[in-house]
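Inspection log for the structure reproduced underneath, given as structure tokens.
2 protein chains.
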Amino acid sequence: MTKRQKPPKYSWAYVAVDIVVLTVRDRRLQVMAIRRGRKPGLGGLALPGGFVHLDEDLETAARRELREETGLEVDFLEQVKTYGAPDRDPRNRTFGVLYLAVMPNLPEGAAGTDADDAQWIPVDELLATDLPFDHHDMLVDALERARAKLEYSPIAASFCRPTFTIGQLRQVYEIIWGVGLDPANFSRKTRSVDDFLVETGDTVSEGPGRPARTYTVGSATVLNPPINR
Amino acid sequence: MTKRQKPPKYSWAYVAVDIVVLTVRDRRLQVMAIRRGRKPGLGGLALPGGFVHLDEDLETAARRELREETGLEVDFLEQVKTYGAPDRDPRNRTFGVLYLAVMPNLPEGAAGTDADDAQWIPVDELLATDLPFDHHDMLVDALERARAKLEYSPIAASFCRPTFTIGQLRQVYEIIWGVGLDPANFSRKTRSVDDFLVETGDTVSEGPGRPARTYTVGSATVLNPPINR
DNA sequence: CAAATAGTGTCTCTTAGACAGTATTAT
DNA sequence: ATAATACTGTCTAAGAGACACTATTTG
Chain G
116 MTKRQKPPKY SWAYVAVDIV VLTVRDRRLQ VMAIRRGRKP GLGGLALPGG FVHLDEDLET
176 AARRELREET GLEVDFLEQV KTYGAPDRDP RNRTFGVLYL AVMPNLPEGA AGTDADDAQW
236 IPVDELLATD LPFDHHDMLV DALERARAKL EYSPIAASFC RPTFTIGQLR QVYEIIWGVG
296 LDPANFSRKT RSVDDFLVET GDTVSEGPGR PARTYTVGSA TVLNPPINR
Chain S
116 MTKRQKPPKY SWAYVAVDIV VLTVRDRRLQ VMAIRRGRKP GLGGLALPGG FVHLDEDLET
176 AARRELREET GLEVDFLEQV KTYGAPDRDP RNRTFGVLYL AVMPNLPEGA AGTDADDAQW
236 IPVDELLATD LPFDHHDMLV DALERARAKL EYSPIAASFC RPTFTIGQLR QVYEIIWGVG
296 LDPANFSRKT RSVDDFLVET GDTVSEGPGR PARTYTVGSA TVLNPPINR
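Quick look at the structure:
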């Protein structure tokens with residue numbers, strides 16, 4: 116897998132990818148964490164991630180590490196930022212490329228976590244634990260990115276299953292932004308965004324209340340007009 | 116300068132920084148380019164940049180390379196994206212961390228380009244030349260970032276000298292967005308943004324027309340409300 | 001004086017948000 | 001029936017953009 120190359124002439128380094136995978140479960144924003152099997156931070160929680168192979172793209176490495184460490188396959192994956200403080204890894208000079216991934220709340224087991232050491236944990240709980248390296252900063256930065264992207268990108272749909280209701284979409288916004296949104300205005304607003312939502316023609320009924328129309332995400336890459344906080 | 120470390124155990128790589136420095140000169144958006152002294156792309160233009168030292172932060176490396184290769188000192192510097200395609204550098208596995216920098220149009224010579232091989236060139240001209248590595252993609256990505264940030268960040272002020280008029284600020288927007296903006300509405304709009312502009316109390320007269328009030332940039336990090344295109 | 005730029009006034013049209021009211025379900 | 005959710009209607013206030021008009025300079 117890992118090819119050889121000539122010994123380094125200049126300052127060399129390891130390059131790793133780390134991934135913040137977000138989902139909404141039990142009405143809370145949750146993040147995928149793994150239990151570390153080695154020092155530093157042995158036994159504690161950390162973000163999934165690992166070294167990039169020699170013949171591998173960054174995004175490919177992120178997907179591979181995610182699959183290996185958590186068993187997850189994500190549809191939304193985006194580079195956030197690269198961390199390069201000289202002492203960020205006490206062992207060797209290592210650069211960390213952070214990725215943000217987003218998943219729907221799939222039923223436990225279905226493409227879920229085969230890996231024993233992987234678990235969903237509410238974001239605020241993980242933020243309160245002692246994370247190794249600069250994983251705390253990474254989590255904060257990824258969250259900020261996700262919050263910002265809700266406004267102008269269809270990323271919220273990545274938190275939903277392929278077919279979803281506007282109520283489900285609204286909950287994503289409410290939970291991630293931590294605010295309450297007027298259902299009536301939110302419905303009008305999202306439907307008015309060009310190519311954001313595509314009506315399926317079906318409706319679903321979940322619990323009491325009028326059945327909701329279902330939608331799939333459209334071709335829009337930018338929300339125009341944006342959904343303001 | 117470059118410390119030693121133990122020989123690599125896993126896939127190692129070189130890490131470089133590349134910088135897109137933008138300014139507005141002669142009413143055009145221009146970018147700093149250097150003439151390459153080695154292959155690949157020998158004799159052609161390229162973005163300034165170079166390898167990160169072992170004991171150096173990424174941003175520090177970007178500032179150092181910029182100083183060494185172009186003699187420039189910038190105030191605005193921001194990480195954009197990291198490029199990691201396995202074949203992006205034909206010689207060795209090299210990751211490239213892209214930075215966006217912005218400068219005012221300083222009078223030629225003053226903290227200008229000591230370096231012979233560095234030059235300002237209009238962005239569209241550099242885009243039309245044959246750039247080495249993935250510098251073309253980098254330039255496109257940096258431009259998109261700059262255009263987007265005009266809307267919601269005070270980055271436009273970084274294109275201006277410490278004290279500037281609203282007319283000068285408007286020109287930055289017009290040139291970078293490639294659109295015409297209504298001077299009256301633009302003036303009202305920018306002045307209404309919280310903590311964006313701070314009046315100096317002075318006015319300056321450049322050519323014909325009523326003298327303009329001058330401003331310095333305020334404490335705002337986010338423009339609220341934003342300046343829409 | 002004319003031409004050019006800075007800045008104010010005002011009008012119109014669109015949109016965001018508040019909130020009342022109607023539709024349709026589970027229990 | 002009651003409660004809960006989905007969705008429509010409507011009003012109000014704020015904001016964006018068009019554009020006329022005033023202010024102050026250079027030549």
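As given, the protein sequences belong to chains G and S, one line each in that order. Just so we're aligned, residue 116 is where the first sequence starts under this note's numbering, counting upward by one. Just so we're aligned, residue 116 is where the second sequence starts under this note's numbering, counting upward by one. All C-beta atoms, glycine included, are put in the ideal place defined by N, C-alpha and C. Just so you know, these numbers come straight off a predicted model, no measurement behind them.
Considering only beta carbons, the part of the region 190-220 of chain S lying closer than 7 Å to chain G consists of Q194, K196, T197, G199, A200, P201, N207, R208, F210, V212, in chain order. At a Cβ-Cβ threshold of 9 Å, V217 (chain S) and I270 (chain S) count as neighbours. Exclusion of the five residues before and after Q194 (chain G) leaves Y214 as the residues of its chain whose Cβ lies within less than 6 Å of its Cβ. A Cβ of chain G is located within less than 9 Å of the beta carbon of D170 (chain S). Burial is judged here by how many other beta carbons sit within 10 angstroms of a residue's own beta carbon; L137 (chain S) has at least 16 and is buried.
Under DSSP, F166 (chain G) forms a beta bridge with G:A131.
No Cβ-Cβ contact shorter than 9 Å links F301 (chain G) with G333 (chain G).
Taking C-alpha positions only, G158 (chain S) is separated from A233 (chain S) by approximately 12 Å. Between the region 278-286 of chain G and the region 313-332 of chain G, the count of C-beta pairs closer than 8 Å reaches three or more; the two stretches touch. Counting C-beta pairs closer than 8 Å gives fewer than three between the region 170-186 of chain S and the region 240-253 of chain S, which falls short of the contact rule. Considering only S:D204, S:E174, S:L246, the residue with the shortest C-alpha distance to F191 (chain S) is S:E174. Of all alpha-carbon atoms in G:V132, G:S126, G:R140, G:R262, the one lying nearest the alpha-carbon of P237 (chain G) is that of G:R140.
In its chain, beyond the 5 residues on either side, I281, L312 have a beta carbon closer than 8 Å to the beta carbon of R306 (chain G).
For the region 163-227 of chain G, the full-length alpha helix (DSSP H) segments reaching 4 residues or more read 173-185 along the chain. Within the region 245-320 of chain S, the runs of alpha helix (DSSP H) at least 4 residues long that lie entirely inside it are, in chain order, 250-267, 281-292, 298-307. Sequence-ordered contacts of the region 276-300 of chain S with chain G are nonexistent [C-beta pairs closer than 7 Å]. As far as DSSP is concerned, V238 (chain S) takes part in no beta bridge. The Cβ atoms of L246 (chain G) and A161 (chain G) lie closer than 9 Å to each other. Taking C-alpha positions only, R143 (chain S) is separated from A299 (chain S) by approximately 23 Å. Annotated three-state conformation of A148 (chain S) is strand, per DSSP. Bridge partners of R143 (chain S) according to DSSP: S:R140.
The CB of L173 (chain G) comes closer than 9 Å to the CB of T197, Y198, G199, A200, F210 in chain S, given here in chain order. Closer than 7 Å at the C-beta level to chain G, one finds these residues of the region 124-140 of chain S: Y125, S126, W127, A128, Y129, V130. A direct Cα-to-Cα measurement between L258 (chain S) and D297 (chain S) gives close to 23 Å. Rounded to whole angstroms, the separation of the alpha carbons of S268 (chain S) and S273 (chain G) is 27 Å. The beta carbon of R208 (chain S) lies closer than 6 Å to those of A128 in the same chain, with the five residues before and after it left out. The beta carbon of P163 (chain S) does not come within 9 Å of any beta carbon belonging to chain G, so the residue lies off that interface.
Only residues of its own chain outside the window of five on either side were considered, and among them V195, L215 have a CB closer than 6 Å to the CB of R260 (chain S), listed in chain order.
A check of alpha carbon separations from R203 (chain G) across S:R206, S:E171, S:P122 identifies S:E171 as the nearest. Ranked by how close their Cα comes to the Cα of P222 (chain S), the residues S:K124, S:C275, S:T197 have S:C275 in first place.
In the DSSP assignment, V337 (chain G) falls outside any beta strand (DSSP E) and carries neither an H nor an E.
Take G211 (chain G), set aside five residues on each side of it, and the residues of its chain with a beta-carbon closer than 6 Å to its own are A131, D133, Y198, in chain order. Using a CB distance cut-off of 9 Å, Q234 (chain G) does not count as an interface residue toward chain S.
The CB of F166 (chain G) comes closer than 9 Å to the CB of Y125, S126 in chain S, given here in chain order.
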